[in-house]
Structures are given as structure tokens and as C-alpha cells.
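See below for the structure under consideration.
Okay, here's the thing in C-alpha cells:
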């Protein structure tokens, strides 16, 4: 079974192919090796073979490129290394600008062509660095939750209830509704404070009857999210251990703040409450209510209990 | 309707509140005929149980007539006369199915608060703080009873209200206290506390075959009840050293089992010992005054059972773990799993083996509930049990 994070990551990385950092790395490697092994031909190609300084600068550039290559191909902090390529491009363009000013004829033409090529590479590098950084920030915002509850029902019963996605709002109180469009796809509407609503489409990407269900939001949603629930027989004939893994990436900005409010300050506690309600619904038939907590289990309500008295008719 | 509400420490009032309505499909609404004030209500009254709110309706010992049932309740119908167990239990979770109703896994909607204090949450209880669910209690004209298909027991006409209402809490709690002692013939059982639960524990120890029962308290009128109605021997701890007396009565063995029917607001014959825990409790450094529990552990025969049915809410200091461990003691405890005992105990009442109304000292209308709390708190007028009729 794939790790749940990787279910969500392709979408977080958005239009950036996962191979982008390594492609940039290979480019750096080729340039670096070229500059170190054949500084002469490279200098001629670039039109700077008349300068003694260029012959010493080129191997240094080669070393720099090898550094970027190692960083990008090594896979750690690719965003930082992508930006290092941008910085290198800026340095190269500065040097080429100076070389262009005091040259003429064929050399000037070659320097100009080289400048154009480096400018093109720089544009690609800037775009890539921005994309890689954005993906990295999205990954950093990803909220991970793993919560479990034991339910005194068989794995098959627990699975059946969960598999009908339209049942989810019965115990996930932040959901207003889930509409199953077909066996795999569903449309979710979450309810936030102050009338905020967040909607998205989701699809079941892996369905193991009586064992597990994995779903994720479809590309293009404002709040990328994914989840997996596993139904494991509890030892000692005590029903089913229902184990839920959830991942979601709150967007930056106003929508992000609304989503954060939706889940409250303790998102994991909310999911734990969801599972408690799931247990109540499966074992007792519905969410258990008291006069102090007329809407049933919820962290928010526990903090703001009304007196344990029957509700006034207006609140029924 | 009229209902008895907690209004702050040492303050209850009968106030007007909305009538209860069905909230869950397995609810019933009961029109209450008789309700009682429990010793554990005094812990609420004194402000020792956390998470109370002004206006909370009190009361977890009540009975009456079913007037409405939810669509999922098929065992009861309007007109049925029922007594309602104090723990609210769903009947379907693993705990309920093993008979452990007072640790029902579903009936506390505020389980999150309870888990922070107790690790895991026990069942919800009527009128017993928001920690245990925030349920409106039964010292009122009507009560909503969740899981009415599991808890309430129909009461036959030949059993009176003042007998049946004891099945809500006091009698089963005392009975479970005795049952946990695993009494075998010839055994001597000591009971700390001669309140209703202690008296029922002593009476139940007799029913379960104890050779001798020794009851410890400081109120002569309560000790008299133990002697006259149960045939128990008694120790007034303000007049005699309890450990010495118990050793003397058992020729040095100690009682085979000791029942703590006192709980978190114990008193101690030694003023300094009392002051030590009272000050810590007032400063909230400890939440309980566990004199009875400490003494029960020290008194118990090696290898014996310490059965705890007195109510505790938090933490105790100076727990004599050395004595407990080195002398192979066994502790058994729990809020009573009332649903397990109501029917067999009703049958014992019908067979005339016990008349639980012997503990009732005061009867008054619901509107006098504040007076009832005051009399019970001060142990005025030889108060043992206050019944409120509605």
C-alpha cells in the first residue's frame, strides 16, 4: 500500500514534474564538466578566448555548476539549489555583459549569442525555482493526522458504512454534505464559520472491500486533501480498529484562514471526535446528545457547555 | 417544569425550566414520582466535582411514569412505572456487553474532558457535572432518559416507590461493594461509612453470607440503624481506635474484606490528620480526603479485598502503597454497573429478603429540595436519606 503522503504530493507539486530538479541538475553537470575539462573550446565558443581572465574564471564556474548539480541531484532542499542556479545565471550574465562591451566582430557576435542562451536558461531556472519553492511550501503546510478508534462491529459493517460516502456527514460535523456522483467520485461541501463553505470533488483511488478505502481530492481544488481508513479486526474479538490517516494542505491567504477555522485549533482532536461519533452511530444508531452538549461530542462544545437543562423550544 | 438546580457551592434552588423533549430515538420522557438526594450529590453541593455550571439540574436517583418514548424504544410504553439506573449506558459497546455499564463507551458526549483527567472516559451520569456528560438530572418533575431500551426497569405494583427508588443507585452500589468482596462462609466484612451505600453494603454482605459485619462511622443514629436493621457490630471512630478495635474483633487477622463507602469527603478522628488533608483539599493540592481508604488498606487482612464504592473524583495523597503491595491486597472498585443488579435486587425485595426503605429518614415535596440538601449536609434531625416526592 502506498504511503498516504505520496497520494497527495503529485497535486501539491502541481505543474512541476517531479523530475524537474534532476533535469536542472543534469544541465549543471554537463556545463560543469565542460567548463573543467575543455575550458579552451568553451571559451572559443563563447567568444571570450582572447581573455586571460576568462581562462581562470571558466574552471571556477565549472566548480560552481558541479556544486549545483550535486545539490539538485542529491535531492535535499532542491528549492535552495534551484535558486543557486539562478544566482549563477545572474553572475554569468554580468560577466557576459562586461565581455560584450569591449569586443567587436565575430567575438562580439558569439558573446551576444552566449548571453542570449544564458538568459534563456536563466528564465527557465527562475520559473523552476519558483515552482519548486511553491511545492515545498505546500508540502510544509501539509497537515498530517493519524487517529484510531475501536468499534464493536465487524470490519465488514464498519467498511460498508464508510464506503457509502454520503454517510460521512453523520459523524464528520464539519461536513455539510457529501454527494456520491458514482461509485468512485463524490462532491464534498464543508461548513465553516460565518457562512464560509469549502467545496471539492474527491475520488476513491483504492478500494479494498472490508479492509481499506483511500480517497483524494481531484486536481484543482483549493484544499488538496487525501485520506485512508483501514478496518483491522481488533484482537480478542472486540470488533474493529478503525484507523484513519488524513492529509490536507490549507492554502495560504484568506481561504487558508477559513479552513484553519473550520478545523479549529486542534484539528486532530476534531478528527478524534469524528471517530467517536462514528463509533456512536455504528454502535448505538446515532450521535449521543445531552442537555449540556445538545449537538453531541465536540471539543468546541465541551469548552462552552450550556447548563444541563432541557433546551428552550426555540433551540430544538 | 420545576427542577432542582445547582446554583453554586452550597446553593441549590428549585427553578422553572423548559420541559424535556425527546432528543435521541432511544430516549424516553419520565414523569417523576419519587427522587432522592444521594450522598454523592453533596460532593457536587460542596463544589468538589469539577465542571459544574450554574443552573445544572441535579439528581440521579429517580423513578416515575413513562409519558413518551422515542421511535426506537420498543420495551416501554407510556404508563409504565419505571426506576432509572444512574449510569447512562448504550448497551451495545464492548463495555456494556461485558456488563460494565458505568464505563459505557458512548454515553459521555464530553468524553474529551473526562479523558484529560481520567485517561479514559466513564459513562455519562444524570445530573452529575459536565465532566460526566452534562445530562439534566432527575430531581425535577420530568426527565429525559437516554437509552431507555437499556436502563429503566419496570416496577411491579407490589413494590412501593420508597423501595424501588433505592434501585437507582444506593442499593445496587452497596450490593456491588459487597459482591466485589467475593465473600465466602465465615468471613468478616468491615464497612467504612454508615450512609445509605454503607448500610446497603453491610446488609448485602449479610445477604451474601458474611459471618460478621462491622460498620464504622461517627454518627450514633446511623450506627444504630446498622445494629438494629442489619445485625452489624459497630465502631464509632470518634470514641475508639478503629485499627485496634478491628484487630481485637478479629483476633489479630483483620477483616477479610474492607468496603470504603465514604469516598472523597472523609472525616478523621484525629484532628491533625483531618486538618492535613482538609487544608490540601482546600488548596486543591489534592482533591480527596481519603481517610477511610487509607484505614481500610491498613486494616484489611493480608491477601484480602479492599472494595471501593465511595466516590472519588481526582487524586489522593499518602496512599499506603507499601502496605497494599507487601500484604498482597486486592482492590476492586467502580461506579456501580446498576443495570446488572436492578432485576435481581428487585426480586430480593419482592421475596422480602430486604426492605430497602429502612434507610429513609426524611420525605418532603420537591419544592423543599434546598431544605433537604441542608438537612442532609448538616446531618440534622438524624438524617440518612431524603426522598423528594413530585
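Chains as they are written, first to last, in the numbering used here: chain A, 1 to 316; chain B, 317 to 706.
A virtual CB, placed ideally from N, CA and C, is assigned to each residue, including glycine.
Starting from residue i, trace the alpha helix (DSSP H) both ways and give me its first and last residue.
{"i": "residue 121 of chain A", "result": "105–141"}
{"i": "residue 71 of chain A", "result": "52–74"}
{"i": "residue 359 of chain B", "result": "355–361"}
{"i": "residue 179 of chain A", "result": "Here residue 179 of chain A belongs to no alpha helix (DSSP H); instead the beta strand (DSSP E) covers 175–180."}
{"i": "residue 659 of chain B", "result": "658–666"}
{"i": "residue 703 of chain B", "result": "That residue, residue 703 of chain B, is in no alpha helix (DSSP H); its beta strand (DSSP E) goes 702–705."}
{"i": "residue 486 of chain B", "result": "486–495"}
{"i": "residue 694 of chain B", "result": "685–694"}
What first and last residue would you give for the beta strand (DSSP E) that runs through residue i?
{"i": "residue 187 of chain A", "result": "185–191"}
{"i": "residue 248 of chain A", "result": "240–248"}
{"i": "residue 227 of chain A", "result": "225–233"}
{"i": "residue 680 of chain B", "result": "678–681"}
{"i": "residue 329 of chain B", "result": "327–332"}
{"i": "residue 208 of chain A", "result": "197–208"}
{"i": "residue 86 of chain A", "result": "Looking at the DSSP string, residue 86 of chain A is not in any beta strand (DSSP E); the run it does join, the alpha helix (DSSP H), is 78–101."}
{"i": "residue 212 of chain A", "result": "212–217"}
Straight-line CA distance for residue i to residue j?
{"i": "residue 282 of chain A", "j": "residue 201 of chain A", "result": "26 Å"}
{"i": "residue 660 of chain B", "j": "residue 314 of chain A", "result": "43 Å"}
{"i": "residue 679 of chain B", "j": "residue 329 of chain B", "result": "18 Å"}
{"i": "residue 639 of chain B", "j": "residue 614 of chain B", "result": "7 Å"}
{"i": "residue 320 of chain B", "j": "residue 682 of chain B", "result": "8 Å"}
{"i": "residue 550 of chain B", "j": "residue 307 of chain A", "result": "42 Å"}
{"i": "residue 656 of chain B", "j": "residue 205 of chain A", "result": "47 Å"}
{"i": "residue 413 of chain B", "j": "residue 327 of chain B", "result": "39 Å"}
{"i": "residue 171 of chain A", "j": "residue 184 of chain A", "result": "21 Å"}
{"i": "residue 96 of chain A", "j": "residue 75 of chain A", "result": "30 Å"}
{"i": "residue 663 of chain B", "j": "residue 570 of chain B", "result": "33 Å"}
{"i": "residue 158 of chain A", "j": "residue 222 of chain A", "result": "30 Å"}
{"i": "residue 395 of chain B", "j": "residue 350 of chain B", "result": "15 Å"}
{"i": "residue 80 of chain A", "j": "residue 86 of chain A", "result": "10 Å"}
{"i": "residue 126 of chain A", "j": "residue 117 of chain A", "result": "14 Å"}
{"i": "residue 538 of chain B", "j": "residue 288 of chain A", "result": "41 Å"}
{"i": "residue 652 of chain B", "j": "residue 488 of chain B", "result": "7 Å"}
{"i": "residue 706 of chain B", "j": "residue 464 of chain B", "result": "21 Å"}
{"i": "residue 216 of chain A", "j": "residue 447 of chain B", "result": "37 Å"}
{"i": "residue 563 of chain B", "j": "residue 557 of chain B", "result": "10 Å"}
{"i": "residue 510 of chain B", "j": "residue 368 of chain B", "result": "27 Å"}
{"i": "residue 269 of chain A", "j": "residue 299 of chain A", "result": "7 Å"}
{"i": "residue 302 of chain A", "j": "residue 271 of chain A", "result": "15 Å"}
{"i": "residue 358 of chain B", "j": "residue 580 of chain B", "result": "11 Å"}
{"i": "residue 407 of chain B", "j": "residue 218 of chain A", "result": "41 Å"}
{"i": "residue 318 of chain A", "j": "residue 124 of chain A", "result": "With chain A represented from 1 up to 316, any question about residue 318 of chain A goes unanswered, as that position is not in the structure."}
CB-CB under 6 Å to residue i, same chain, minus the five flanking residues each way: which ones, in chain order?
{"i": "residue 347 of chain B", "result": "380, 381, 383 and 458"}
{"i": "residue 122 of chain A", "result": "89"}
{"i": "residue 674 of chain B", "result": "545"}
{"i": "residue 373 of chain B", "result": "319, 321, 443, 452, 453 and 456"}
{"i": "residue 28 of chain A", "result": "65, 68 and 69"}
{"i": "residue 20 of chain A", "result": "128"}
{"i": "residue 152 of chain A", "result": "239 and 283"}
Which residues in the same chain have their Cβ closer than 7 Å to the Cβ of residue i, if we skip the five residues on either side of it in sequence?
{"i": "residue 335 of chain B", "result": "317 and 458"}
{"i": "residue 596 of chain B", "result": "602 and 633"}
{"i": "residue 517 of chain B", "result": "490, 493, 494, 507, 575, 577 and 625"}
{"i": "residue 361 of chain B", "result": "326, 328, 689 and 693"}
{"i": "residue 188 of chain A", "result": "175, 178, 199, 200 and 202"}
{"i": "residue 572 of chain B", "result": "503, 504, 505, 617 and 620"}
{"i": "residue 363 of chain A", "result": "Outside the shown range of chain A, which is 1 to 316, sits residue 363 of chain A, and nothing can be said about it."}
With a CB to CB cut of under 8 Å and the five nearest residues on each side skipped, what residues in its chain are close to residue i?
{"i": "residue 666 of chain B", "result": "472, 474 and 475"}
{"i": "residue 409 of chain B", "result": "420, 421 and 422"}
{"i": "residue 696 of chain B", "result": "690"}
{"i": "residue 180 of chain A", "result": "164, 165, 166 and 186"}
{"i": "residue 501 of chain B", "result": "525 and 527"}
For a contact defined as C-beta to C-beta under 8 Å, what are the partners of residue i on chain E?
{"i": "residue 423 of chain B", "result": "In the structure shown, chain E does not exist; the protein chains are A and B."}
Exercise. Is there contact between the stretch 392–400 of chain B and the stretch 461–470 of chain B, where contact requires at least three CB pairs shorter than 8 Å?
Worked result: yes
For this session: Please list the segments of the alpha helix (DSSP H) lying wholly inside the stretch 590–641 of chain B, counting only runs of 4 or more residues, in order along the chain.
Result: 607–615
For this session: Output the residue ranges of the beta strand (DSSP E) runs that lie fully inside the stretch 531–578 of chain B and measure 3 residues or longer, sorted by chain position.
Result: 549–552 and 573–576
Problem set entry | Start-end ranges of the alpha helix (DSSP H) lying completely within the stretch 146–175 of chain A, minimum 4 residues | 155–163
Exercise. What are the uninterrupted segments assigned as alpha helix (DSSP H) that are 4 or more residues long and contained completely in the stretch 282–306 of chain A, given in chain order?
Worked result: 299–303
Exercise. Touch check for the stretch 243–250 of chain A and the stretch 412–429 of chain B: three-plus C-beta pairs under 8 Å?
Worked result: The answer is no - the stretch 412–429 of chain B does not touch the stretch 243–250 of chain A, with fewer than three Cβ pairs under 8 Å.
Exercise. Three or more C-beta pairs closer than 8 Å, one from the stretch 425–442 of chain B and one from the stretch 278–297 of chain A: is that the case here?
Worked result: yes
Problem set entry | Every unbroken alpha helix (DSSP H) within the stretch 353–426 of chain B, with a cutoff of 4 residues, ordered by chain | 355–361 and 410–413
Exercise. What runs of the beta strand (DSSP E), each 3 residues or longer, lie entirely inside the stretch 433–475 of chain B?
Worked result: Unbroken beta strand (DSSP E) runs of no fewer than 3 residues, entirely contained in the stretch 433–475 of chain B, are found at 458–461, following chain order.
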